Structure formats: C-alpha cells, structure tokens
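This report refers to the structure that appears directly beneath it.
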Ligand code: HEM
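In full-length UniProt numbering, the protein residues as written are 10 to 414.
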C-alpha cells in the first residue's frame, strides 16, 4: 500500500505533473478545480512518472471492478515483511490472499452485527453532545467527529477503555501517512507511532489469547491457522483500527462543513432530521468524499480509455472527481441532500476492495447528523476550519463551532 501511495505522492510532487497542484494550499482547499482540469485532458492522462490518472466515473468504475487490475504488482503479493509497520493487510493484497483475509474480517461487519451498534452509537453521540454543549463553543472535530468512531471501533475490536486514547493518538499518525511520507522527520514520527501502536495491539492480542471475549479481535484469533497466519493478525487489526476512525471523522466533518456552507440544506435537515440524515450522508460521500483516490495496476497489458496500461503502471482513480463527473451526475458540482443520484458514488470504492466498514460508517454519520440537527439547530461557525495536511484523505482537522442561542 505505502509503496503504491508513495509512488502516487512522489510523482505528484514532480513539477507540472497533473496532480502536483493538489499539494498547494488552493489545491487542498479545492481539489475539485484541479480534477476538472484533469478531466479536460481526457479519459486517461499520463503523469510524468509514467502512470495514468483518471477523473472519469466510467473509467474509475471499470478499473476498480476489473479483476485484471490489482492493488499491487503480482510479484509482490506475498505476506508483508514481519514487523512491516505499513502493512495494511487485505487492503494491500490481491487475490487469493485478499479473498482469504477479507473473509476472516467480514463477519464483524455483517448487517446484523452493525445494526447491533446502534445503541452504542446513539449513546456515544448524546454523551459527546452533552459535554460539548456545556460550553458555548466547541471543536466539532476534537469533541464530536473524532471521538465517536474511536469509541465504536475500539468497542468492536475489544480494546479496553483505558487504551482507547493511546490507540487514537498513534492511529492518527499512521492514518495521516496514507498520503505518503513527506520527509525523514515524518518517517521517524511514523516509525515511532507505528511501533507504539503495534505494542498496544500486541498487548491486546495477548489479552484476548488469554481471555477471549465477544469481539472482532477474539474472532480473528479464533481463525488462526489455515485462514490467517499468526504474522497476519496484527496487520489486520491495524487496518481495521485505522480504517475505522481515520475516515469516518472526515465524513462527519465534511458533512457539517457542507451543510453550514449551504444554509438552505441545513435548514432542510433541521426540518426533518430523521428523514434526511441518511441522504445528507450519501450526498456528502458523493460531493466531498473522505477518501479522494486510490490506484490499481494491471497484471497484463490492458487497453482502456484509448491508452495501453502495462503491468507496473498505476491508474490513479480519482474518486472525488468521478463522483462529480457531469456525464453521469446531473448538476454534479451542486451539493443537494434531496438528490436522487443517477449512479452509485465511488466513495467506498467498488469491486473486491469495496469498503468493509461502509455500513458502519454510514450508521455513525447518519446518527451524528440527525442528533446534531435535532439538538443543535442553531449551530454556526466560530472560526475557519483547518484542513488536514493531506490530499488522499480529505477533511477538517479542527472545526470551531458555536452551539448558538
Ligand atoms: C476499504 C473508504 C470507513 C474498513 C476502503 C476503500 C475505500 C474506503 C475507498 C477501498 C480502497 C481501495 O479500493 O483501494 C472509506 C470511507 C469511510 C470508511 C470513505 C468512512 C466514511 C471504514 C470503516 C471501516 C473500514 C468504519 C471499519 C473498520 C475498511 C477496510 C477496507 C476498506 C477493512 C479494505 C477492504 C478491502 O481491501 O477488501 N474504505 N472507509 N472503512 N475500508 Fe473503508
């Protein structure tokens, strides 16, 4: 994964590359203007390091579904090096490893398992709002959007309460690095955080080996043997933990940001929170998705979009651009929570890597928006948002708001 991400980021830094502008401040504020330029350049645009980038919905969808495309070259599909802190388990594997490992994780995210999380999510949302609303002003990210998914994923995995904050701190560094490694200092920070995260994960695994419980980690441990080797367990826990909270926080942040920027939409949600919260979540996923892109490389030469893509070359699929492709979505650039979309957005990808946690993320975000609209109808900004220093993951890192009145 990181080899690929590093590649993605590396060529993005090459001057005059179609993606290099994403790393500027205007690019971070509005990557969609840059995606439009990529789109104007054709279905597949060559990057200066010999890869391709696409803003086309149809090409993104086709590449992500095509079994001849994988997340990494076939020759490096084996197990990660032991102790590889950047190994993201099945997110980072092609079949057959992908199929085998995904099957181990999947039951924790079954519709029944996720529905069972509703009471915990509702309770957590209300507790967080009780605390946040006791003052007039609060940070929507730090006090609400971030702690919610952390509480849920640590519960799902079976992390004891006392460790949750430590997990969050280390996981945030790892999640931030999905964008690529910016400097040697950043690499050192990452190594330190991943070492610390691995130490707490190792403690958790030791605990659940001694005392299995009714949680995802215990179930993964029970599959140890043919289905999952011992060395593959820690990377899988790392993936579930980091994917569980580094993305949903941005979905909630991006949704509230969009709603406050569009007062008519916020008014509509306030008028019917239960009826419109899910639709507001879907429209945010389309219009401002937390994961902006992914990439695939083919196992054989493939003709697509009028180009030939060879093994080892990546097609960078711009999810954030595909979701605003005007040939698929009408009024594609307009944020409209009443929208009946013409196609499925690609915010959770598609094909075999389709996000395992999508139902959980949707449920958390819908409950968060519904309760916010019900309990804080006069919500307004108390200052500008600060964005993450990232281009792959998109969302605010701080978001000062007033509760109103
Ligand atoms: C995969 C997005 C929440 C677990 C993915 C992928 C995307 C994505 C785009 C596929 C990447 C690719 O095709 O290369 C999101 C977004 C989320 C979210 C936008 C929140 C709004 C979650 C949650 C979990 C989770 C809550 C649960 C722990 C995973 C896992 C994979 C994945 C395990 C790997 C699936 C595979 O490779 O087969 N996610 N995700 N995600 N996501 Fe999520």
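Backbone N, C-alpha and C define an ideal beta-carbon position, used for all residues, glycine too.
Please read these numbers as outputs of a predicted model, since none were measured by experiment.
In angstroms with no decimal places, state the Cα-to-Cα distance between residue 173 and residue 179.
Distance from the CA atom of residue 173 to the CA atom of residue 179, rounded to whole angstroms, is 10 Å.
Any non-hydrogen atom of the ligand HEM within 7 Å of residue 298 CB
Indeed, a heavy atom of the ligand HEM lies less than 7 Å from the Cβ.
Please classify residue 61: does DSSP put it in a helix, a strand, or coil?
In this structure, residue 61 counts as strand in the three-state DSSP scheme.
Just to confirm, is the Cβ distance from residue 266 to residue 403 under 8 Å?
Cβ atoms of residue 266 and residue 403: not closer than 8 Å.
One question on the structure: do residue 40 and residue 400 come within less than 8 Å of each other, judged by their Cβ atoms?
Going by C-beta atoms, residue 40 is nearer than 8 Å to residue 400.
What does DSSP give as the partner residues of residue 327 in its beta bridges?
Answer by DSSP bridge pairing, in chain order: 302.
Residue 252 versus 316, 296, 369, 335, residue with shortest Cα-Cα distance:
Sorting 316, 296, 369, 335 by C-alpha distance to the C-alpha of residue 252 places 369 at the top.
Is it buried or exposed for residue 310, if we count other Cβ within 10 angstroms and need 16 for buried?
It is exposed - the Cβ of residue 310 has fewer than 16 other Cβ atoms within 10 Å.
Any heavy atom of the ligand HEM closer than 7 Å to the Cβ of residue 252?
Yes, the ligand HEM has a heavy atom inside 7 Å of this Cβ.
Sort 219, 257, 285, 229 by Cα distance to residue 366 and report the nearest one.
Nearest option by C-alpha distance: 257.
Chain-order list of residues whose beta-carbon lies under 6 Å from that of residue 352 (same chain, five-residue window excluded):
Here residue 352 has 337 as same chain residues with Cβ atoms under 6 Å from its own Cβ, once five neighbours each way along the sequence are excluded.
Near the ligand HEM: residue 81 beta-carbon under 7 Å from a heavy atom
Distances between the C-beta of residue 81 and the heavy atoms of the ligand HEM are all 7 Å or more.
Cβ-Cβ separation, residue 315 to residue 138 (assumed contact under 8 Å), whole Å
With a beta-carbon spacing of about 52 Å, residue 138 and residue 315 fall beyond the 8 Å limit used to define contacts.
My understanding is that residue 59 touches residue 322, with C-beta atoms under 8 Å, so please give their C-beta distance in whole angstroms.
Between residue 322 and residue 59 the Cβ distance is about 6 Å, and since that is below 8 Å, they are a contact.
Return the CA-CA distance between residue 31 and residue 406, expressed in angstroms with no decimal places.
Answer to the nearest angstrom: the Cα atoms are 18 Å apart.
Shorter than 7 Å, the distance from the beta carbon of residue 226 to the closest heavy atom of the ligand HEM, or not?
Every heavy atom of the ligand HEM is 7 Å or more from the Cβ of residue 226, so no.
Could you please give the first and the last residue of the uninterrupted alpha helix (DSSP H) stretch that includes residue 107?
DSSP places residue 107 in the uninterrupted alpha helix (DSSP H) bounded by 106-114.
Quick one, are the C-beta atoms of residue 128 and residue 373 less than 8 Å apart?
Pairing residue 128 with residue 373 gives a Cβ-Cβ distance that is not under 8 Å.
Sub-8 Å separation of residue 287 and residue 177 beta-carbons:
Going by C-beta atoms, residue 287 is not nearer than 8 Å to residue 177.
Assuming residue 248 contacts residue 97 under a Cβ cut-off of 8 Å, what Cβ separation, rounded to an integer in Å, is found between them?
Correct: roughly 5 Å between the Cβ atoms.
For residue 232, I'd like the list of residues in its chain whose CB is within less than 7 Å of its CB, leaving aside the five on either flank, ordered along the chain.
Within the same chain, Cβ atoms closer than 7 Å to the Cβ of residue 232 are found at 113, the five residues on either side in sequence being excluded.
Considering just the uninterrupted stretch of the alpha helix (DSSP H) at residue 227, what are its terminal residues?
Going by DSSP, residue 227 is part of the alpha helix (DSSP H) stretching over 225-231.
With a cut-off of 8 Å on the beta carbons, I'd call residue 63 and residue 230 a contact; round off their distance for me.
Actually they do not touch by this definition, with Cβ atoms about 40 Å apart.
Where does the unbroken alpha helix (DSSP H) through residue 67 begin, and where does it stop?
According to the DSSP assignment, residue 67 belongs to the alpha helix (DSSP H) that extends over 66-74.
Throw me the rounded Cβ distance for the residue 501 and residue 360 pair, which I believe falls under 8 Å.
Outside the modelled stretch of the chain, which goes from 10 to 414, sits residue 501, for which no answer is possible.
Neighbour flag for residue 172 against chain D, beta carbons, 8 Å:
No chain D appears in this structure, which consists of one protein chain only.
Spatial neighbours of residue 118 in its chain, beta-carbon cut-off 7 Å, leaving aside the 5 residues before and after
If we look at residue 118 and ignore the five residues flanking it on each side, its Cβ neighbours are 365, 366, 368, 369.
Classify residue 27 as helix, strand or coil using the three-state DSSP reduction.
Shown here, residue 27 sits in coil according to DSSP, grouped into three states, outside any helix or strand.
Beta-bridge pairing of residue 307 - partner residues as DSSP gives them
For residue 307, the beta-bridge partners assigned by DSSP are 78.
Just reading off the beta strand (DSSP E) that residue 318 is part of, what are its end residues?
Unbroken beta strand (DSSP E) run through residue 318: 316-318.
Residue 195: first and last residue of the uninterrupted alpha helix (DSSP H) it sits in:
Run containing residue 195: 193-219, per the alpha helix (DSSP H) assignment.
Looking at the ligand HEM, does it come within less than 7 Å of residue 65, judged from the CB to the closest heavy atom?
No; taking the cut-off as 7 Å, the Cβ of residue 65 has no heavy atom of the ligand HEM nearer than that.
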